[in-house]
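These notes concern the structure reproduced below.
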DNA sequence: CTCATCGTACGAGAAGCATCGTAGTTTGAC
DNA sequence: GTCAAACTACGATGCTTCTCGTACGATGAG
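Residue numbers (my numbering), protein chains in the order written: chain A, -16 to 110; chain B, -16 to 110.
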């Protein structure tokens, strides 16, 4: 059996502000799926999936206000999908890809691929 | 490119009661993920995934009332995850597996596998 | 026809969630 | 110290969702 990737209870932080992340054992599939089921959040995840070192919130432009953006990033963090850390005044977001892959092999890849497929298809007129 | 599996606008029904299903083009990833993000519905999907020919609602025992069960099956049908058809007084449910695989290759398998993985893991005490 | 079974429709209540604006905190630059 | 930038906290609002009970409709068995 594989060993789990670098354990998640990371308290190591450059500054004082620490953000709570669920440990691997606390990540629940239902919560992850719910986090991914919002169009705005799915968009965030897709953007993060294309980077190697994460992005600050401010670089992902979203069709919602700043406070709503904060809300969505919190949902993603609390569900275990992203890791966030402060770096100066910015907050860097990155996918917890290795950890999710360890927990749920193929899930993230499946969702990302599905999102790509859907984008390549004509969107239905109304909904 | 693959051709789509047997088109979805099936009006062929033995009785009179017809149920509306989204066509392939109408199935949205976000809706599917949302449908799968409820514990009760995920349980249903897992049960259906283990059968070949579908199951009547009444054979999947769920920790909710009958009317709530109806609600969850409707969500699953409207999101495009299951197909339902009347058969006598019963209503048979089956996964739209081929169609989902065509739309979103690997997604369903990823989710089902993730559910299995999670079940094999110790559940966290509280949540 | 009568009846039991299976599922639906219709409210209705409680909870959750997405969204926003405004006011605040933290940080680095000057 | 002062200032701008990045993000958060809080409260409010309106929508969706999960849950239920009760009453109803459709089907097949007797």
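Heads up, the beta-carbon is just placed ideally off N, CA and C, and yes, glycines get one too.
Per-residue contacts from residue i into chain A (C-beta, under 8 Å)
i	result
residue 56 of chain B	Those do not exist, as residue 56 of chain B stays about 18 Å from chain A at its closest Cβ, beyond 8 Å.
Closer than 9 Å at the beta carbon, the chain A residues around residue i
i	result
residue 32 of chain B	Within 9 Å Cβ-Cβ: nothing; residue 32 of chain B doesn't reach chain A, min ~14 Å.
Residues that residue i bridges to, as DSSP identifies them
i	result
residue 38 of chain B	B/76
residue 67 of chain B	B/76
Interface flag, residue i vs chain B, CB-CB below 8 Å
i	result
residue 81 of chain A	no
residue 94 of chain A	yes
residue 20 of chain A	yes
residue 78 of chain A	no
residue -2 of chain A	Confidence is the limiting factor: at residue -2 of chain A the pLDDT is only 43, short of 50, which leaves the residue's position unreliable, though a coordinate-based value still follows. Output row for residue -2 of chain A: interface = no.
residue -9 of chain A	Low per-residue confidence applies at residue -9 of chain A: pLDDT is 40, beneath 50, and the placement is therefore not dependable enough to give any value.
Any C-beta of chain A under 8 Å from that of residue i
i	result
residue 17 of chain B	yes
residue 101 of chain B	yes
Chain B contact residues for residue i, given Cβ-Cβ distances below 8 Å
i	result
residue 89 of chain A	89, 92, 93, 96 and 97
residue 38 of chain A	Ordered by position in chain B, no residue passes the 8 Å Cβ test against residue 38 of chain A, which lies about 21 Å from the chain.
Within chain A, the residues that residue i reaches when beta carbons sit closer than 7 Å
i	result
residue 12 of chain B	97, 98 and 101
residue 25 of chain B	13
Where residue i meets chain B, residues with beta-carbon distance less than 9 Å
i	result
residue 86 of chain A	97, 100, 101 and 104
Simplified DSSP state of residue i, which is helix, strand or coil
i	result
residue 14 of chain B	helix
residue 93 of chain A	helix
residue 0 of chain A	coil
residue 28 of chain A	helix
residue 104 of chain B	coil
residue 45 of chain A	coil
residue 51 of chain A	helix
residue 87 of chain B	coil
residue 5 of chain B	coil
residue 33 of chain B	coil
residue 20 of chain A	coil
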